[in-house]
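Number 510 in my numbering belongs to position 392 of the sequence shown; there are no gaps in the numbering. A quick write-up on the structure given underneath.
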Amino acid sequence: MNILGISAFYHDSAAALIQDGKIVAAAQEERFTRKKHDPGFPLEAVKYCLNYAGLSIDQLDAVVFYDKPLLKFERLLETYYGFAPKGIQSFMMAMPVWLKEKMFLKRVIKEEFEKVGQYDKGKLKLLFPEHHLSHAASAFYPSPFEDAAILTIDGVGEWATASICHGNKGNITILKELEFPHSLGLLYSAFTYFLGFKVNSGEYKLMGLAPYGNPGSENVKKYVNTIKSVLIDIKDDGSVWLNQEYFDYATGLRMVKDDKWKELFGFPRRESESLLEQHHCDLGFAIQLITEEIVFKMAEEAKKLTGSENLCMAGGVALNCVANGKLLKKKIFKNIFVQPAAGDAGGALGAALAAQYIYFKQERILSGKMDEMQGSYLGPIYSDLEVEAMARKYKASSHTFGSFELLAEKVAAVIADGNVVGWFQGRMEFGPRALGGRSILGDPRNPEMQKKLNLKIKYRESFRPFAPSVLAEDASKYFELDSISPYMLIVADVLSDQRKPIPSNYFEMPLMDRLYVPRSDLQAITHLDFSARVQSVHKETNPRYYELLSKFRSKTGHGMLVNTSFNVRGEPIVCTPEDAYRCFMRTEMDYLVVNNYLFMKSEQPEWKEKDNWKTEFTLD
Numbered sequence: 119m120n121i122l123g124i125s126a127f128y129h130d131s132a133a134a135l136i137q138d139g140k141i142v143a144a145a146q147e148e149r150f151t152r153k154k155h156d157p158g159f160p161l162e163a164v165k166y167c168l169n170y171a172g173l174s175i176d177q178l179d180a181v182v183f184y185d186k187p188l189l190k191f192e193r194l195l196e197t198y199y200g201f202a203p204k205g206i207q208s209f210m211m212a213m214p215v216w217l218k219e220k221m222f223l224k225r226v227i228k229e230e231f232e233k234v235g236q237y238d239k240g241k242l243k244l245l246f247p248e249h250h251l252s253h254a255a256s257a258f259y260p261s262p263f264e265d266a267a268i269l270t271i272d273g274v275g276e277w278a279t280a281s282i283c284h285g286n287k288g289n290i291t292i293l294k295e296l297e298f299p300h301s302l303g304l305l306y307s308a309f310t311y312f313l314g315f316k317v318n319s320g321e322y323k324l325m326g327l328a329p330y331g332n333p334g335s336e337n338v339k340k341y342v343n344t345i346k347s348v349l350i351d352i353k354d355d356g357s358v359w360l361n362q363e364y365f366d367y368a369t370g371l372r373m374v375k376d377d378k379w380k381e382l383f384g385f386p387r388r389e390s391e392s393l394l395e396q397h398h399c400d401l402g403f404a405i406q407l408i409t410e411e412i413v414f415k416m417a418e419e420a421k422k423l424t425g426s427e428n429l430c431m432a433g434g435v436a437l438n439c440v441a442n443g444k445l446l447k448k449k450i451f452k453n454i455f456v457q458p459a460a461g462d463a464g465g466a467l468g469a470a471l472a473a474q475y476i477y478f479k480q481e482r483i484l485s486g487k488m489d490e491m492q493g494s495y496l497g498p499i500y501s502d503l504e505v506e507a508m509a510r511k512y513k514a515s516s517h518t519f520g521s522f523e524l525l526a527e528k529v530a531a532v533i534a535d536g537n538v539v540g541w542f543q544g545r546m547e548f549g550p551r552a553l554g555g556r557s558i559l560g561d562p563r564n565p566e567m568q569k570k571l572n573l574k575i576k577y578r579e580s581f582r583p584f585a586p587s588v589l590a591e592d593a594s595k596y597f598e599l600d601s602i603s604p605y606m607l608i609v610a611d612v613l614s615d616q617r618k619p620i621p622s623n624y625f626e627m628p629l630m631d632r633l634y635v636p637r638s639d640l641q642a643i644t645h646l647d648f649s650a651r652v653q654s655v656h657k658e659t660n661p662r663y664y665e666l667l668s669k670f671r672s673k674t675g676h677g678m679l680v681n682t683s684f685n686v687r688g689e690p691i692v693c694t695p696e697d698a699y700r701c702f703m704r705t706e707m708d709y710l711v712v713n714n715y716l717f718m719k720s721e722q723p724e725w726k727e728k729d730n731w732k733t734e735f736t737l738d
């Protein structure tokens, strides 16, 4: 049975293909079009999935879209009616798009598939599960659990903004839903907007900013009290009520009512790229604390309703790896699995899986593996012939090695010498994290590595932290972590014996001074609050990356590397060898490794497009 799932027309469009329940291929459209968070129909991602499996459209048993557009349209109309006469401008902007495209989605999908290839339109079966069911399916079916509570939290689907479900074998039962306009995801996005970051892409920046807040300050306490007393009412089961007098997302063109928030918090909305001040950090810390409190309450309710020892999570809020790490430590559940493509991209995979097990009622058989995501390496892979063709195009100079072991030894040595390496191996990752397929790597011991990566490679805000990739068996030597974290979705504290004492006035120091205070022996991956977003690397899912880490351990004593996504700011993660080489030459990266080829920056021809990326990509 061949089922293709697609998500589109909001953000992070994607396609995913399953065959007899096995995940065969999945990719976001942005990787092919080079438009970050591309919301368009995932034409190139669909082509990739079909080509990878050697299938035609007529060989598909179903194409499954990740939500129900008519139900979403109903919510739109009822919301505008409920708030009338407010929102007329937003209504007039939204209606033409709905009437032209989204109301007639079946027609649009069929027309887009004609660009893929000829097929029998009458034979094509189109299915439309609800948005949060797609999220739930994306988390439960690839998990290693026969039975699990499922928690999905995001901005909004059709009506639902969060759901608690129970997964058992091949069935998913929806037990409870929170409905629009009350939404934890939209609350977090509102603070993302107010603190000067871009909604639907800057939420992870807000999460990275939060540790700069002073946890013991009166400012943080004041902000927490203000949020809870004015903006939100948190119920015991984790459901929330948001005071719509302060928000504008339901019918307006902004997330919040700027003047009211300025009066509430005592400062105006921060302009994008402007100076970050302590009150911004304190407010970010306050909303992170509140988000965690709500997630914990929802998890406790899920435990109460299902009685399960296992939890599966998806939806955009499930990418809040700080909350995930703290939830794991609370031991509400014995085991937690978070879908690595937890956002809307993963909805494409969930839609296909929902069709497999709920619509077609196929038997679900657990493989006994870590999970069914295959390390999330589900994207395209490129041959040596394609690497050589790229090298000829750019007249690039490279070195090859007699074995991958020799290459790994060389790369481990240059990283240990303080160099930054672009690492391109195997299949591209599905989801927002680079996991050793399309990564930029550095030495975590180097106290200058974070600064170098941010300012000379990624060209992004200096406050943003970097994650460690660590050999799975070594993770407990460095972090307070008693489980695996293969998808970089859990934040854990660095162990006390790795830490260095900090000044008594640490939280009173200026932001950037605090950033460069020595905090641990692994400075590059230790965040301001002694935390790290951990990726445990497993031989069975990525043997080449595991081998590199092993060589680095042999050389330095540490089976760990700094790992950040292979892209510059505003650019999607690289997909092809050509994407990788262009990014390598545009930045101050020292080496590039693609398959078995090693490119040294000093040996490459002059690059004349060095600054073009700043105009080519919109800052995120």
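For glycine and all other residues, C-beta sits at the position ideal for the given N, C-alpha and C.
- Apart from the 5 residues on each side of it in sequence, residue 306 sits with its Cβ closer than 8 Å to the Cβ of 321, 324, 405, 409, 435 and 438 in its chain, given in chain order.
- Within its own chain, the residues whose Cβ lies closer than 7 Å to the Cβ of residue 283, once the five positions on either side in sequence are excluded, are 254, 268, 290, 291, 292 and 293, listed in chain order.
- Excluding its 5 nearest sequence neighbours in each direction, residue 386 has C-beta neighbours in its own chain below 6 Å: 380, listed in chain order.
- Within a 10 Å sphere around the beta-carbon of residue 555 sit 16 or more other beta-carbons, which makes this residue buried.
- Unbroken beta strand (DSSP E) runs of no fewer than 3 residues, entirely contained in the segment 243-291, are found at 265-271 and 278-286, following chain order.
- Distances from the CA of residue 392 to each of 579, 302, 483 and 541 were compared; the closest alpha carbon is that of 579.
- Rounded to the nearest whole angstrom, the CA to CA distance from residue 476 to residue 467 is 14 Å.
- Contact annotation: the segment 240-249 touches the segment 268-281, with at least three C-beta pairs closer than 8 Å.
- Non-local C-beta neighbours of residue 662 in its own chain, meaning closer than 7 Å and more than five positions away in sequence, comprise 522, 543 and 544, ordered along the chain.
- Taking C-alpha positions only, residue 547 is separated from residue 553 by approximately 7 Å.
- Judged by DSSP secondary structure, residue 568 falls within the alpha helix (DSSP H) whose first and last residues are 567-570.
- By the neighbour-count definition (other C-beta atoms within 10 Å, threshold 16), residue 658 is an exposed residue.
- Judged by DSSP secondary structure, residue 494 falls outside any beta strand (DSSP E); it is assigned neither H nor E.
- In the three-state DSSP reduction, residue 297 falls in the strand class (E or B).
- Between residue 171 and residue 498, the C-beta spacing is not below 8 Å.
- Around residue 665, the same chain offers 526 as residues with beta carbons nearer than 6 Å, after the five sequence neighbours per side are excluded.
- If you look at residue 359, you'll find it in the beta strand (DSSP E) that goes 358-360.
- Counting C-beta pairs with one atom in each stretch, the segment 456-467 and the segment 336-349 have fewer than three that are closer than 8 Å, which means they do not touch.
- DSSP places residue 406 inside the alpha helix (DSSP H), whose first and last residues are 396-424.
- The alpha-carbon separation between residue 670 and residue 121 amounts to approximately 41 Å.
- Using a 10 angstroms sphere on the CB of residue 428, the tally of other CB atoms reaches 16 or more, which defines it as buried.
- Per DSSP, reduced to three states, the secondary structure at residue 720 is helical.
- Only exposed fits residue 736, as fewer than 16 other CB atoms lie within 10 angstroms of its CB.
- Taking C-beta atoms as the reference points, residue 183 and residue 124 count as a pair closer than 8 Å.
- Cβ neighbours of residue 574 within its own chain (closer than 6 Å, five residues either side excluded): 706.
- Annotation for residue 336: no residue places its beta carbon closer than 8 Å to its own, counting only its chain and skipping 5 residues before and after.
- For residue 713, same chain residues with a beta-carbon under 6 Å away, outside a window of 5 residues either side, are 502 and 505 in chain order.
- Residue 411 sits close to residue 352, with the two beta carbons spaced by under 8 Å.
- Annotation: residue 131 to residue 150 spans about 11 Å, alpha carbon to alpha carbon.
- The beta carbon of residue 328 sits closer than 6 Å to those of 402, 403 and 406, all from its chain and outside the five residues before and after it, given in chain order.
- Collapsing the DSSP output to three states places residue 543 in coil.
- Annotated as distal: residue 260 and residue 360, with beta-carbon spacing of 8 Å or more.
- Relative to residue 591, the option among 678, 582, 616 and 608 whose CA is nearest is 678.
- Contact check for residue 643 against residue 586 passes: the beta carbons are separated by less than 8 Å.
- Beta-bridge partners of residue 517 (DSSP): 716.
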